[in-house]
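Under the working numbering, think of the first position of the sequence shown as 758, with each following residue one higher. Backbone N, C-alpha and C fix where the C-beta goes; we use that ideal spot for every residue, glycine too. A quick note: this is a predicted structure, and the numbers were derived from the prediction, not measured.
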Amino acid sequence: MSVIVNNVTKIYGTQKALDAISFVVEPGHIVGFLGPNGAGKSTIMKIITCFIPQSSGSVSVCGYDVIEQPIEVKRQVGYLPEHNPLYLDMYVKEYLQFVGGIYHVKNIKERVKEIIDMVGLEIEQNKKIGALSKGYRQRVGLAQAMIHDPKVLILDEPTTGLDPNQLEEIRSLIKTIGKEKTIMLSTHIMQEVEAICDKTIIINHGKIVANESTASLKNNTSENTVLTVEFDKKVNESALIKIEGVLQVKKKPAEEIWLIEIKEDSVRNNIFQFAMKNQLIVLSINKEKESLENIFKKLTKNV
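Right, dumping it as structure tokens:
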């Protein structure tokens, strides 16, 4: 496994930032790490990257323990912090050569050229970092995180503050990189997780409240099932709500398409029986997928 977090707790004074959390990030996966502000996302990323130690529990990256073997861990990890600290007075190519030198990268000039091509910095490579747009600075941040060819990338809010075009560019770049690297990223943008993440981990008040594939999370989280049902003729809402097992109904603003909330999947049969009794044809009936945003709100609401 690329990253193994086992029963990790982090305490700051009297505050428990992480409360015995455990998860695994498998090789070659892009994992979205979600949670409200202050939930503990950045804390666990800093522990994985050896910036701060955990209070208890264990963390390993590519088989190396973050406490016992921090230098080896750092060789395996590329890290883009939330605020992307860069030397603004350095030129792009100069900065990447400097970072590569810290990692003792061999054939540094060839590697810098390769990384510049990979992240799309060719046009900007001879500019000072301070003269770059936010989107290009993020590209420089990604380039420095990858200069030593790490197996794992940890990206903390990599698209914060980007305009829609820049966001799409960085998102596409991360997805491309994810074909060869293991990536763990934190974000508040749900569409980003849905677009590029294989797996979603949601943390709230220092505890993990969801840890599964993004597709499974969207399919399994809702307590009730919402069906999208299309009939061939006009149907009265008052008639639909009387079907046994139907909790509520709502008409979509298109023809005779209805959102019907049910408690149990067996209620589908009652809907078909209703249609037959009223000489209706069910043109389609499908399970409505709940949005990741609504799932996030449910799992992280204060109780």
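- It is roughly 39 Å from the alpha-carbon of residue 841 to the alpha-carbon of residue 1045.
- Nearest neighbour of residue 957 by Cα position, chosen from 965, 899, 1043 and 790, turns out to be 790.
- The alpha-carbon of residue 879 is positioned some 20 Å away from that of residue 916.
- For the pair residue 860 and residue 904, the CB atoms are nearer than the 9 Å cut-off.
- In this structure, the straight-line span from the alpha carbon of residue 868 to that of residue 987 is close to 57 Å.
- The region 806–823 and the region 841–855 do not touch, with fewer than 3 CB-CB distances between them shorter than 8 Å.
- Distance from residue 927 to residue 919 at the Cβ level is roughly 6 Å; contact confirmed, criterion being Cβ atoms closer than 8 Å.
- In terms of Cβ geometry, residue 792 and residue 943 form a close pair [threshold 9 Å].
- DSSP, read as helix, strand or coil, puts residue 767 in strand.
- Here residue 767 is buried, its C-beta having at least 16 other C-beta atoms within 10 Å.
- Per the coordinates, the alpha-carbon of residue 850 lies some 14 Å from the alpha-carbon of residue 862.
- Spanning the alpha carbons of residue 953 and residue 1035 requires a straight line of approximately 45 Å.
- By the C-beta density criterion, residue 825 is exposed, having fewer than 16 other C-beta atoms within 10 angstroms.
- Per the DSSP secondary-structure output, residue 967 pairs in a beta bridge with 959.
- Following the DSSP letters along the chain, one finds residue 831 inside the alpha helix (DSSP H) bounded by residues 827–833.
- When secondary structure is reduced to three states using DSSP, residue 882 falls in the coil class, being assigned neither helix nor strand.
- Looking at the DSSP output, residue 939 sits in a beta bridge with 909.
- In the DSSP assignment, residue 1057 falls within the alpha helix (DSSP H) that extends over 1049–1057.
- Ranked by Cα distance from residue 1003, the first of 1025, 960 and 897 is 1025.
- If only uninterrupted alpha helix (DSSP H) runs of at least 4 residues are considered, those enclosed by the region 771–840 are 798–805 and 827–833.
- A contact is defined here as three or more CB-CB pairs under 8 Å, and the region 799–808 meets this definition with respect to the region 768–778.
- Taking 9 Å as the cut-off, the Cβ atoms of residue 1027 and residue 984 do not count as close.
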